[in-house]
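These notes concern the structure reproduced below.
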Ligand code: CP
Ligand code: NVA
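This is the structure we're talking about:
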């Protein structure tokens, strides 16, 4: 069964990482509590993760909570109405207090400055679980999904994988939709994984943050990289010869009041077979979810030969677990 096979494969990455002496980057630094280098399956035993969420979540919450628990740690979900943040206690005070009692914080907040305030005032690592500007955990799952689709053997560790992972081959990726946190995180991360041509189509009045764009262009074209980042108003231009078409909701959390205007402004941006007729014949569809039908129709979204959205969602768990390994187990001070 597909899911079981994928789970087994992931669990074998973890146990193989622990057993393979040559892969020292996957071992914890020098034992002590939370021993990721031993034979235990609970390297985060006794460690607590505070999950501070001021916005709702399905995937991020479930992946983060089950992933931490998988390693034997205690995840503690703190919605805004459960803790004093909801009554107006400042993020600064919350960070000082919570970080004095836990081993890591994972937070979903509004403005990006809010996560920076948490990070500045926390004595433990703070993981960004979505801000209005970035959603890095989603980008990691998207990268894993691209690898699984394009060079699946690269992740078959250690049977056929070579670390570090190879760059992806040249690919055309189209984004058609809003200029939001998801495309911002893709802009700053896709140029790092290969000569990817990323074309972003957004409507008039909806532009990616210029600072993010300039980082992305620098990353895509710096050194010996041969990626590119392009912008257009025309979805047909973006999807031409695309290997992957990616979108997201047109109305992000916090933008509910703009819904009617946004639905008007995004007319013509719905991903359908017809709008994608200029893409590669076997183009794949991705979406961070949750999905609304206005941005992608059912024919594309539920076509298993097109849409890899549920694999992408499941990969949220494996990739957040990798973040935990990196922060809590490899990078031991
Ligand atoms: N993609 C994503 O972050 O989904 P949730 O809002 O359900 O966590
Ligand atoms: N852009 C969306 C992503 C949800 C996972 C939002 O911020 O609401």
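In the working numbering, the protein residues as written are 1205 to 1537.
For glycine and all other residues, C-beta sits at the position ideal for the given N, C-alpha and C.
- The three-state reading of DSSP puts residue 1302 in helix, counting H, G and I together.
- With contacts defined by Cβ atoms closer than 8 Å, residue 1429 and residue 1271 do not form a contacting pair.
- Taking C-alpha positions only, residue 1393 is separated from residue 1253 by approximately 26 Å.
- Separation of the CB atoms of residue 1453 and residue 1414 is rounded to 23 Å, and the pair is thereby denied contact status at 8 Å.
- Listed in chain order, the non-local C-beta contacts of residue 1312 below 7 Å within the same chain comprise 1257, 1258, 1259, 1261, 1264, 1333 and 1334, local neighbours out to five positions each way being set aside.
- Distances taken from the Cβ of residue 1261 to the heavy atoms of the ligand CP include one shorter than 7 Å.
- Taken through DSSP and simplified to helix, strand or coil, residue 1432 comes out as strand.
- Residue 1340 has its CB no nearer than 7 Å to any heavy atom of the ligand CP.
- Residue 1514 sits in a helix when the DSSP states are folded into three classes.
- When rounded, the separation of the alpha-carbon atoms in residue 1406 and residue 1340 is 21 Å.
- Between residue 1503 and residue 1467, the gap from beta carbon to beta carbon reaches 8 Å or more.
- Not a single heavy atom of the ligand CP lies less than 7 Å from the C-beta of residue 1412.
- A check of alpha carbon separations from residue 1349 across 1397, 1364 and 1321 identifies 1397 as the nearest.
- Setting aside the 5 residues that flank it on each side, residue 1372 is surrounded in the same chain by 1354, 1397 and 1398, each with a C-beta closer than 6 Å to its C-beta; the list follows chain order.
- Straight through space, the alpha carbons of residue 1301 and residue 1443 are spaced by roughly 48 Å.
- Distances between the C-beta of residue 1344 and the heavy atoms of the ligand NVA are all 7 Å or more.
- CA-CA distance, residue 1381 to residue 1489, rounds to 13 Å.
- As summarised for the stretch 1271 to 1352, the continuous alpha helix (DSSP H) elements at least 4 residues long and confined to that stretch are 1295 to 1303 and 1316 to 1325, given in chain order.
- Check the Cα spacing between residue 1251 and each of 1386, 1401 and 1275: the tightest is with 1275.
- For residue 1464, the enclosing alpha helix (DSSP H) stretches over residues 1463 to 1469.
- Exposed is the label assigned to residue 1461, since fewer than 16 other Cβ atoms lie within 10 Å of its Cβ.
- Closest option to residue 1432, judged by alpha-carbon separation, among 1306, 1439 and 1421: 1421.
- Scanning 1531, 1455 and 1440 for the CA closest to the CA of residue 1472 turns up 1440.
- A check of alpha carbon separations from residue 1374 across 1273, 1356, 1395 and 1404 identifies 1395 as the nearest.
- Distance from the CA atom of residue 1358 to the CA atom of residue 1327, rounded to whole angstroms, is 36 Å.
- DSSP lists 1450 as the beta-bridge partner residues of residue 1490.
- Residue state for residue 1392 is assigned as helix, using DSSP reduced to three classes.
- Within the same chain, 1276 come within 6 Å of residue 1249 by CB-CB distance, once the 5 residues on both sides are set aside.
- Annotated three-state conformation of residue 1521 is helix, per DSSP.
- Residue 1403 and residue 1450 have their alpha carbons spaced roughly 10 Å apart.
- The beta carbon of residue 1400 is closer than 7 Å to those of 1372, 1375, 1377, 1394 and 1431 in its chain, skipping five residues each way along the sequence.
- A straight-line Cα-Cα distance of about 22 Å links residue 1516 and residue 1367.
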